[in-house]
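Structure first, commentary second.
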Amino acid sequence: MSVNKYFLSYPEVIQTQVMKLIHAKKLKPYLLNKYPQAHNINSDKSLYQYANDLKQTYLRNTPQISKALYEKQKDLVQNALGTHTFVSRNHGGKLKSKHEIRISQSLKSAPEDMLKMLVVHELAHFKEKDHNKAFYKLCEYMQPEYHQVELDMRLFLVLLDQGDSLF
1 MSVNKYFLSY PEVIQTQVMK LIHAKKLKPY LLNKYPQAHN INSDKSLYQY
51 ANDLKQTYLR NTPQISKALY EKQKDLVQNA LGTHTFVSRN HGGKLKSKHE
101 IRISQSLKSA PEDMLKMLVV HELAHFKEKD HNKAFYKLCE YMQPEYHQVE
151 LDMRLFLVLL DQGDSLF
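UniProt numbering puts the first residue of the sequence shown at 1, with every later residue one more than the last.
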């Protein structure tokens, strides 16, 4: 099994550790030990509230979220797990902007830390459009363990690719 699509940018030592975890069939126990339960944010309405609560806590002076919803992964851009859409429209001589967050349905069965990581990632795009140093610093501000959870999310995706689920 190739895990390169999820760990391409990681050092070889981490890729080797991931392969050992998979071959020893310890991937699911590892994830269950760190994340023993799934979140209960299963509707678009509760996802919107969750995302808006995070935005109000960390990014008060950013534009309002107009929509947050779960979508089938095939509908998302380049198989991303989440997307942030920024649309400006001329409405009565005024420029109105809308911010939409779309999260892959596969995350309905994920631990809350992983869902939070993805929502934090998309919210960070409200201030930083590119994946640069300031972007990741903002992600870490909203979720201090952001980078570890991102790595664990990739392990979760490997588990899903194997046809297994965490819960």
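Idealized CB from N, CA, C, for every residue including glycine.
Selection from the options that minimises the alpha carbon distance to residue i
| i | options | result |
| --- | --- | --- |
| T62 | E122, Q17, E150 and K34 | E122 |
| T57 | H147, V119, F156 and K129 | V119 |
| L69 | K55, L54, L8 and L47 | L47 |
| F126 | S97, P144, M114 and D161 | S97 |
| S9 | R154, L32 and Q162 | R154 |
| R60 | K116, A124 and D130 | A124 |
| Q148 | K129, K25 and K116 | K116 |
| L54 | C139, F156, Q162 and D164 | C139 |
Per DSSP, the bridge partner or partners of residue i
| i | result |
| --- | --- |
| A51 | BP columns for A51 are empty, so no partner. |
| Y146 | Bridge partners of Y146: none, in fact. |
| P11 | None; P11 has no bridge partner. |
| A38 | P111 |
Integer-rounded CB distance, given that residue j should sit under 8 Å from residue i
| i | j | result |
| --- | --- | --- |
| residue 173 | L166 | Lying before the first or after the last residue shown, residue 173 is absent from the chain, which here runs from 1 to 167. |
| V158 | Y6 | 6 Å |
Simplified DSSP assignment, three categories, for residue i
| i | result |
| --- | --- |
| V77 | With a pLDDT of 38 at V77, under the threshold of 50, the modelled position of this residue cannot be trusted; read the value that follows with caution. If DSSP states are grouped into helix, strand and coil, V77 belongs with the helices. |
| R60 | coil |
| S106 | helix |
| Y30 | helix |
| A24 | coil |
| L166 | coil |
| H84 | With a pLDDT of 48 at H84, under the threshold of 50, the predicted position of this residue should be treated as unreliable, though the coordinate-derived value follows. Strand, per DSSP. |
| L123 | helix |
| S66 | strand |
| K5 | helix |
| E71 | strand |
| E140 | helix |
| D44 | helix |
| D130 | coil |
CB of residue i within 8 Å of CB of residue j, strictly
| i | j | result |
| --- | --- | --- |
| I41 | I65 | no |
| E71 | Q49 | no |
| E145 | H39 | no |
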